[in-house]
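In this note's numbering, the protein residues as written are 163 to 549.
So the structure is just underneath, and the comments pick up after that.
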Amino acid sequence: MTGSQDPSFPDIRESVRRLCAKFPGSYWQALDRDRTYPTAFVDTLTREGFLSVLIPEVFGGSGLGLGAATAILEEIHRSGCNGGACHAQMYTMGTLLKHGSAEQKAMYLPKIATGELRLQAFGVTEPTSGTDTTRITTFARRDGDDYVINGQKIWISRAEHSDLMVLLVRTTARDDVAKPSDGISVLLVDMRAAIGNGLTIRPIRTMLNHATTELFFDDLRVPATSLIGEEGRGFRYILDGMNAERILIASECIGDGRFFIDRAVAYAKDRLVFGRAIGENQGVQFPIARAFVQLSAAAEMVDKAAAMFEAGLPCGTEANMAKMLASEASWFAADMCVQTHGGFGFAEEYDVERKFRETRLYQVAPISTNLILSHVATHALGLPKSF
Ligand SMILES: Cc1cc2nc3c(=O)[nH]c(=O)nc-3n(C[C@H](O)[C@H](O)[C@H](O)COP(=O)(O)OP(=O)(O)OC[C@H]3O[C@@H](n4cnc5c(N)ncnc54)[C@H](O)[C@@H]3O)c2cc1C
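Here it is, written out as structure tokens:
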């Protein structure tokens, strides 16, 4: 278990640590400087089968489940690496697995399992809708055997490094449906055919190296067979996948937090000021201990949410709580680690400042803290909805 002294999947964790040791800080620093994609790292993870643990064996994956996936991502992040470049290859296929037709699954899942096909782009967010997903306006109009897509998406990560994309579109306007979440559909778009034929990708440079982009759809034609499940029911389909995403990202935060605590403990023991290790001062010790306490509690919540997901239980509230606690614990640990390192916390070669920037993302994406609190207030506590 991620929260205990006796972690789950010890063999997997050990293998991930060995793999990550081949990608030290200097590798990530160089990529970060140029904002380039960690292709060698992602290829190695793919080859070793770490990105296909959620795909059932019948489709060529190892079918180990979400607990194993959380262990993998936690260790990647604890090692100072970043799973953000490829974590979506693990879970984006969940919508296809759960709601795709037998033909779609047979056609795509085995190739996703081997990495021959990369499905790691998930197109939901739009510039004008923000978190209010039912207000998306990217529209797919049925035209004979095709859909014709027009609209715009923003913050779509890894689009330039993906062969397929799970895309959320409106197939009926919001004004023409009974419930705002009706009339939304999921398409599996083949990016290789789409780029230059109605799909334009524009990279967005951000405070961290995350390969995120803006997408423009201008009469993009995709075959009607790209539809996953039933037309108009797509909003429901993606919710389950979002729970998996939140739990997995929470496990990355746990890994980040452990990275910061490991580094802070080591530095506090080594750094001598006023003739003694800075870690002898309680003013330095206590924030490290506090970070450990908070992270340990958050890790228990991540484990609980993952276990509920694996058992097929409703876990929307737990997945949200795990993501919120873990992202806040990792951010506290990040700030503590910079402070413990003094000036060296700002030096590129220590990796602390890079991880500090990377872990900040998770209080905003894939869902911001306020929206989690709103979910808990209304769903778990029965308070009135404010929007
Ligand atoms: C690096 C990066 C990568 C991303 N990757 C992807 C991706 O691959 N695919 C994808 O679809 N999206 C992606 N996103 C988008 C991400 O999911 C959104 O940025 C996030 O959900 C927040 O939405 P928003 O930016 O539209 O903020 P907004 O919805 O505009 O909200 C702005 C702020 O206001 C707060 N707020 C809004 N409404 C309320 C309210 N009613 N009550 C209280 N507070 C409120 C929010 O909590 C937030 O802090 C990514 C974003 C980033 C930055």
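Note that the Cβ used here is the ideal one computed from N, Cα and C, for glycine as well.
As the structure is a prediction and not an experimental result, all values here were calculated from the model.
- The C-beta distance from L207 to Y253 rounds to 14 Å, too long to meet the 8 Å contact threshold.
- Proximity of the beta carbon of A406 to ligand 1 is not indicated: no heavy atom of the ligand is located closer than 7 Å.
- In this structure, the beta-carbon distance from F494 to H239 does not fall below 8 Å.
- If you draw a straight line from the Cα of R180 to the Cα of D424, it is about 17 Å long.
- Residues of the same chain with a CB within less than 6 Å of the CB of W317, apart from the 5 flanking positions on each side, are T287, T374 in chain order.
- Separation of R395 and L389 (C-alpha to C-alpha, rounded to the nearest whole angstrom) is 11 Å.
- When secondary structure is reduced to three states using DSSP, R320 falls in the coil class, being assigned neither helix nor strand.
- In the DSSP assignment, E376 falls within the unbroken beta strand (DSSP E) covering 374-385.
- For M252, the uninterrupted alpha helix (DSSP H) segment begins and ends at 249-253.
- At the C-beta level, I411 and L330 stay beyond 8 Å of one another.
- With a threshold of 7 Å, the Cβ atom of T521 does not count as near ligand 1, since no heavy atom of the ligand is closer than that.
- The way I'd put it, the segment 504-520 doesn't touch the segment 466-484; fewer than three beta-carbon pairs between them come closer than 8 Å.
- Taking a 10 Å sphere around the C-beta of T257, we find 16 or more other C-beta atoms and assign the residue as buried.
- Rounded to whole angstroms, the gap between the alpha carbons of N359 and L382 is 6 Å.
- By the Cβ-count criterion, F212 is buried, with 16 or more other Cβ atoms from all chains shown falling within 10 Å of its own Cβ.
- Here DSSP, grouped into helix, strand and coil, assigns Y309 to strand.
- Distance check between T300 and each of D307, S291, G306 places S291 closest, using alpha-carbon atoms only.
- Ranked by Cα distance from R519, the first of V435, A192, G437, H372 is H372.
- With 16 or more other Cβ atoms from the protein chains shown falling within 10 Å of its own Cβ, T502 counts as buried.
- Under the three-pair Cβ rule at 8 Å, the segment 223-236 does not count as touching the segment 184-193.
- When the Cα atoms are used, P172 and F379 turn out to be separated by approximately 45 Å.
- Shown here, M369 sits in coil according to DSSP, grouped into three states, outside any helix or strand.
- A straight line joining the alpha-carbon of Y309 with that of R303 spans about 5 Å.
- Beta-bridge pairing by DSSP links T362 to F378.
- By a beta-carbon distance limit of 8 Å, H323 contacts Y199. Their separation comes to about 6 Å.
- I534 is not a Cβ neighbour of M463, given a cutoff of 8 Å.
- For the 8 Å CB-CB criterion, I409 and A467 form a contact.
- Leaving aside the five residues that flank I363 on each side, the residues in its chain whose CB is nearer than 7 Å to its CB run, in chain order, A321, E322, I357, T375, L377.
- Between D325 and R280, the C-beta gap is smaller than 8 Å, which places the two residues in contact.
- Ranked by Cα distance from I274, the options T293, F185, C248 are led by C248.
- Taking F221 as the centre and dropping the five residues before and after it, the same chain places the C-beta of K267, L271, P272, A275 closer than 7 Å to its C-beta, in chain order.
- In the structure shown, A302 falls within a strand segment according to DSSP collapsed to helix, strand and coil.
- For N482, the shortest separation between its Cβ and any heavy atom of ligand 1 does not lie below 7 Å.
- By alpha-carbon distance to L349, the top candidate from E392, V339, I366, D337 is E392.
- Of P385, G229, G313, E210, the smallest CA-CA separation from G306 is found for P385.
- Ranked by Cα distance from D418, the options Q447, Q456, S188 are led by Q456.
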